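Visitor: Heads up: the sequence lines are chains A and B, in that order.
Its first residue numbered 34, the first sequence is counted upward by one per residue in the numbering used here.
Its first residue numbered 641, the second sequence is counted upward by one per residue in the numbering used here.
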Amino acid sequence: MSATTLLQNTLNGLAIGGIYAIFALGYTLVFSILRIINFAHSAVFTLGAYLTYTLTGAPWGFNGLLAGMALPFGLPFPAAMLVSAIISGLVSVVIERLTLRPLRLRGADPLLTLVASLGVAITLVNIIQYMVGAENFSYPGRPFGAIPPAINFGSADRPVPVRTVQIIIFVVSIVIVVALTLFINRSMIGRALRAVAEDATTASLLGISTDRLIMLTFFISGFIAAIAGTLVGVSVSISGPYFGIAFGLKGLAVIILGGLGDIPGAVLGGLILGLIEAFVPPAYIQYKEAVAFALLFVMLLARPEGLLGRAVVQKV
Amino acid sequence: MAQAARSEIILEARGLSRNFGGLLAVNNVSFAVRAGEIFGLIGPNGAGKTTLFNLITGLNQPSAGTLIFAGKTLLHQRPHQIARCGIARTFQNIRLFGGLSALENVMIARHIHIRTGALAGMLSLPSARREEREARERALNLLAMVGLTERTDAQARSLPYGDQRRLEIARALALEPRLLLLDEPTAGMTPSEKHGLSEFIRDLCDRLPLTVMLIEHHVPLVMGLCDRVAVLDFGQLIALGDPAQVRSDPAVIEAYLGDE
Chain A
34 MSATTLLQNT
44 LNGLAIGGIY
54 AIFALGYTLV
64 FSILRIINFA
74 HSAVFTLGAY
84 LTYTLTGAPW
94 GFNGLLAGMA
104 LPFGLPFPAA
114 MLVSAIISGL
124 VSVVIERLTL
134 RPLRLRGADP
144 LLTLVASLGV
154 AITLVNIIQY
164 MVGAENFSYP
174 GRPFGAIPPA
184 INFGSADRPV
194 PVRTVQIIIF
204 VVSIVIVVAL
214 TLFINRSMIG
224 RALRAVAEDA
234 TTASLLGIST
244 DRLIMLTFFI
254 SGFIAAIAGT
264 LVGVSVSISG
274 PYFGIAFGLK
284 GLAVIILGGL
294 GDIPGAVLGG
304 LILGLIEAFV
314 PPAYIQYKEA
324 VAFALLFVML
334 LARPEGLLGR
344 AVVQKV
Chain B
641 MAQAARSEII
651 LEARGLSRNF
661 GGLLAVNNVS
671 FAVRAGEIFG
681 LIGPNGAGKT
691 TLFNLITGLN
701 QPSAGTLIFA
711 GKTLLHQRPH
721 QIARCGIART
731 FQNIRLFGGL
741 SALENVMIAR
751 HIHIRTGALA
761 GMLSLPSARR
771 EEREARERAL
781 NLLAMVGLTE
791 RTDAQARSLP
801 YGDQRRLEIA
811 RALALEPRLL
821 LLDEPTAGMT
831 PSEKHGLSEF
841 IRDLCDRLPL
851 TVMLIEHHVP
861 LVMGLCDRVA
871 VLDFGQLIAL
881 GDPAQVRSDP
891 AVIEAYLGDE
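#1: If you compare alpha carbons, which of S270(A), I253(A), P181(A), G292(A) is closest to V77(A)?
#2: Could you check what DSSP says for S832(B) in three-state terms: helix, strand or coil?
#3: Within 10 angstroms of its Cβ, does E824(B) collect 16 or more other Cβ (buried), or is it exposed?
#4: For E322(A) and chain B, any beta-carbon pair shorter than 8 Å?
#5: Per DSSP, G881(B) forms a beta bridge with which residues?
#6: How about L819(B) and L715(B): are their beta carbons less than 8 Å apart?
#7: In its own chain, which residues sit with a C-beta less than 7 Å from the C-beta of T87(A), not counting the 5 before and 5 after it?
#8: For chain B, find out if any of its Cβ atoms is closer than 8 Å to the Cβ of R134(A); answer yes or no.
#9: Within the region 715-741 of chain B, note down every full alpha helix (DSSP H) run reaching 4 residues or more, in order along the chain.
#10: Establish whether the CB of P719(B) and some CB of chain A are separated by less than 8 Å.
#11: Whole angstroms are fine: how far does the CA of S838(B) sit from the CA of E777(B)?
#12: Do you know how far the Cα of R68(A) is from the Cα of G122(A)?
#13: Could you name the residues of the same chain whose beta carbon sits closer than 7 Å to that of F276(A), not counting the 5 residues immediately before and after it, in chain order?
#14: For a contact defined as C-beta to C-beta under 7 Å, what are the partners of T263(A) on chain B?
#15: Can the beta-carbon of M853(B) be found less than 8 Å from the beta-carbon of F679(B)?
#16: Hey, quick one: how far does the alpha helix (DSSP H) through L681(B) stretch, first residue to last?
#17: Between the region 227-245 of chain A and the region 39-56 of chain A, are three or more C-beta pairs nearer than 8 Å?
#18: So M332(A) is in the beta strand (DSSP E); what residue range does that whole segment cover?
#19: Rounded to the nearest angstrom, what separates L151(A) and A704(B) at their Cα positions?
#20: Between T89(A) and G262(A), what straight-line distance do the alpha-carbon atoms span, to the nearest angstrom?
#21: What are the boundary residues of the beta strand (DSSP E) that N169(A) is part of?
#22: In angstroms, rounded to a whole number, what distance separates the CA positions of F72(A) and G281(A)?
#23: Could you tell me the distance, in whole angstroms, from the CA atom of V127(A) to the CA atom of Q795(B)?
#24: Please return the same chain residues whose Cβ sits closer than 7 Å to the Cβ of S117(A), not counting the five positions on each side in sequence.
#25: For the ligand GTP, is there any heavy atom lying closer than 7 Å to the beta carbon of P315(A)?
#26: Check whether chain E comes within 8 Å of T697(B), counting only Cβ atoms and requiring the distance to be less than that.
#27: Give the single residue among P135(A), E168(A), V265(A), Y60(A) whose Cα lies nearest to the Cα of L99(A).
#28: Could you list which residues in chain B have their beta carbon closer than 7 Å to that of R224(A), in chain order?
#29: Tell me whether P194(A) sits in a helix, a strand or coil according to DSSP, three-state version.
#30: Can you tell which of Y320(A), P192(A), L131(A) has the C-alpha that lies nearest to the C-alpha of F251(A)?
#31: At 3 residues or longer, what runs of the beta strand (DSSP E) sit wholly inside the region 60-116 of chain A?
#32: Under the DSSP definition of a beta bridge, which residues are partnered with R654(B)?
#33: Going by DSSP, what residue range makes up the alpha helix (DSSP H) through V666(B)?
#34: For a contact meaning CB atoms closer than 9 Å, what does T234(A) contact in chain B?
#35: Whose C-beta lies closer than 8 Å to the C-beta of A895(B) among residues of the same chain, with five residues either side of it excluded?
#36: Could you tell me which residues DSSP pairs with F660(B) in its beta bridges?
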């Protein structure tokens, strides 16, 4: 493997792995507080990608209720991503209040909650399809403005070009991971979140309102999901309303690999899955998911408690 | 404890009952706790003492009766709301956040005294940082008060048993409660540790505007420490009075003290 391919593959792997990581963080946060897998997370990811697309002022295609329409204004790409993330965070909170909370208050089995969240995911995805059809959309033009599309890491005669967008994705992912880790480990609210994750009853006896922290958790998880969705969209494209569901399965694999509820584990798991996929030889590219999942399976056989080998729900 | 404060009622239970299926864990119990006193609660295992604490802190709702704290009903209030009213507790089987440090365990109880919102916290605004610093200082003071200064950064689950008990009390005090419920605080302690804790509780009540309800099996400790003692047996209140009265009550001797 040449130096160029090695570098390019590594960066591709880290970029996509970074997205897997932040996406999986959303699952992990919710799991550590509520002990449920929230499938709606993958639909919010999709929603975020579509919202960012809309907010940049890009037009819709030939299908769906919104065919041919566009917003009368367009936000710069970073602003569009931020607004989309905020809206998606709120949508995530609404989903929790309308579907998961009623079930929780009735003491429903976690499996029931899981199925309900899957129902929400499919409904949301279908609404998106009803609005804009199942076409493939790409973010128009150069979303990051004047930044060149590729940077040469080699010399002039032996170029090692790397797509700028991959670097940006990786940096954004790292920033999110670091910010979230600091927030959870250092702030009063982060500390309360960890307390609720460990023992919600005792936390409530210390005056901590679990409901509000759950809302916050869902907001953060939806916020990050939208950024992850947007980053995938900008790296490849939005390949249809179902693209988040397939991605959601990988997110699940990542958190299981990382050890459920373990934040560093989820990050490491995401990066590993991204790198494995990036190094699948081009000849087998259509099997890259099979290869990646087979390797995950082998890793889990070796370390069933997850990569970092901790018990469920730990200091993050 | 000023004499004036003694007459003021801080917690009142009237006809309080709680059944679990067919079992009447608490059966038509009425009593009043005076502000500033140390109120002992004794009785054989399964007498309903911890259930009573669970009713007061909102972990269980009463099947019948009323509970009034500082003039406000506690019925239909969620545990976190009751905690915010000024009631804190510890547990018979210690419930610390094992993965968190001793300091963090205490700081968590400062959460209700935080004014800045989630966003300020996330963005680490100066106001949030200041509150964080204040919470840390308060927590460190409390840890010093219970003698855990050397252990602030130790993971709670790694602490020796006696330290865990003291840490749980420090955490409860961080809420700045008006009523502190201690569920067998000296369980598993050595006699000298028991004595030390007993002194500590008396000292707290003298220094702070604090009322203590105490579940305890060690009868000499209860009799020495408490201003008044209530005796539960099979969910019913069978005696209530100052230690001398309770000790000589024939029903108490038969139900509980006689077994000793």
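Just so it is clear, CB atoms sit at the ideal spot from N, CA and C, and this is done for glycine as well.
Bear in mind the structure is a predicted one, so any value in this text is a computation, not a measurement.
Guide: This is what the structure holds:
#1: Working through the first sequence from its first residue, we reach residue 77(A) at position 44. Closest option to V77(A), Cα to Cα, is I253(A).
#2: Here residue 832(B) is taken as the residue at index 192 of the second sequence, counted from 1. Reduced to three states, the DSSP call for S832(B) is helix.
#3: The residue you call residue 824(B) lines up with position 184 of the second sequence. Flag for E824(B) reads buried.
#4: Position 289 of the first sequence, counted from the first residue, corresponds to residue 322(A). So, not an interface residue.
#5: The sequence position of residue 881(B) within the second sequence is 241, counting from 1. In DSSP, G881(B) forms a bridge with V869(B).
#6: The residue labelled residue 819(B) in the question sits at position 179 within the second sequence. The residue labelled residue 715(B) in the question sits at position 75 within the second sequence. Contact flag unset, no.
#7: As a working note, residue 87(A) is residue 54 in the first sequence. Closer than 7 Å at the Cβ level, and outside the excluded window around T87(A), lie L104.
#8: Residue 134(A) sits at position 101 when you count from the first residue of the first sequence. Not closer than 8 Å to any Cβ of chain B, the Cβ of R134(A) fails to qualify, so no.
#9: For secondary structure counted as the alpha helix (DSSP H) over 4 or more consecutive residues, the region 715-741 of chain B holds these complete runs in sequence order: 719-725.
#10: Within the second sequence, the letter at position 79 stands for residue 719(B). Interface residue, yes.
#11: Within the second sequence, numbered from 1, the residue matching residue 777(B) stands at position 137. Within the second sequence, numbered from 1, the residue matching residue 838(B) stands at position 198. Roughly 26 Å between the two C-alpha positions.
#12: One-based indexing of the first sequence puts residue 122(A) at position 89. One-based indexing of the first sequence puts residue 68(A) at position 35. Going from the Cα of G122(A) to the Cα of R68(A) covers about 20 Å.
#13: The count along the first sequence starts at 1 and reaches residue 276(A) at position 243. Answer for F276(A): T79, listed in chain order.
#14: Here residue 263(A) is taken as the residue at index 230 of the first sequence, counted from 1. Within 7 Å Cβ-Cβ: nothing; T263(A) doesn't reach chain B, min ~20 Å.
#15: Start at 1 with the first residue of the second sequence, and residue 853(B) comes out as number 213. Start at 1 with the first residue of the second sequence, and residue 679(B) comes out as number 39. With contacts defined by Cβ atoms closer than 8 Å, M853(B) and F679(B) form a contacting pair.
#16: Mapped onto the second sequence, residue 681(B) falls at position 41. First-last for L681(B): 678-682, but that is the beta strand (DSSP E), not the alpha helix (DSSP H).
#17: As far as the Cβ criterion goes, the region 227-245 of chain A does not touch the region 39-56 of chain A, which means the pair count is below three.
#18: For the purposes of this step, residue 332(A) is taken as the residue at position 299 of the first sequence. From DSSP, M332(A) is part of no beta strand (DSSP E) but of the alpha helix (DSSP H) over 321-335.
#19: The residue given as residue 151(A) occupies position 118 in the first sequence. The residue given as residue 704(B) occupies position 64 in the second sequence. So the two alpha carbons sit approximately 41 Å from each other.
#20: Locating residue 89(A) in the first sequence gives position 56, counting from the first residue. Locating residue 262(A) in the first sequence gives position 229, counting from the first residue. When rounded, the distance between both Cα atoms is 15 Å.
#21: As a working note, residue 169(A) is residue 136 in the first sequence. Following the DSSP letters along the chain, one finds N169(A) in no beta strand (DSSP E), marked with neither H nor E.
#22: Numbered from 1 along the first sequence, position 39 holds the residue referred to as residue 72(A). Numbered from 1 along the first sequence, position 248 holds the residue referred to as residue 281(A). Roughly 7 Å separates the two Cα atoms.
#23: The residue given as residue 127(A) occupies position 94 in the first sequence. The residue given as residue 795(B) occupies position 155 in the second sequence. Their Cα atoms are separated by approximately 36 Å.
#24: The residue given as residue 117(A) occupies position 84 in the first sequence. Cβ neighbours of S117(A) beyond the five flanking positions: G81, L84, T85, L88, A259, T263.
#25: The ligand GTP is absent from the structure shown, which contains no ligand whatsoever.
#26: In the displayed structure, chain E is absent; the protein chains listed are A and B.
#27: Walking along the first sequence from the start, residue 99(A) turns up at place 66. Per the Cα distances, E168(A).
#28: What you label residue 224(A) is simply residue 191 of the first sequence in a count that begins at 1. Simply E744, M747, I748.
#29: Within the first sequence, the letter at position 161 stands for residue 194(A). Strand.
#30: Numbered from 1 along the first sequence, position 218 holds the residue referred to as residue 251(A). Closest option to F251(A), Cα to Cα, is L131(A).
#31: none
#32: Translated into the one-based positions of the second sequence, residue 654(B) becomes position 14. Within the DSSP bridge table, the entry for R654(B) names T706(B) as partners.
#33: If you number the second sequence from 1, residue 666(B) lands on position 26. V666(B) -> not in any alpha helix (DSSP H); beta strand (DSSP E) instead, spanning 663-674.
#34: Here residue 234(A) refers to the residue found at position 201 when the first sequence is read from its first residue. In chain order: L699, P719, R735.
#35: The residue labelled residue 895(B) in the question sits at position 255 within the second sequence. The answer, listed in chain order, is G683, P684, V871, D873, I878.
#36: Indexing the second sequence from 1 puts residue 660(B) at position 20. F660(B) is bridged to L663(B).
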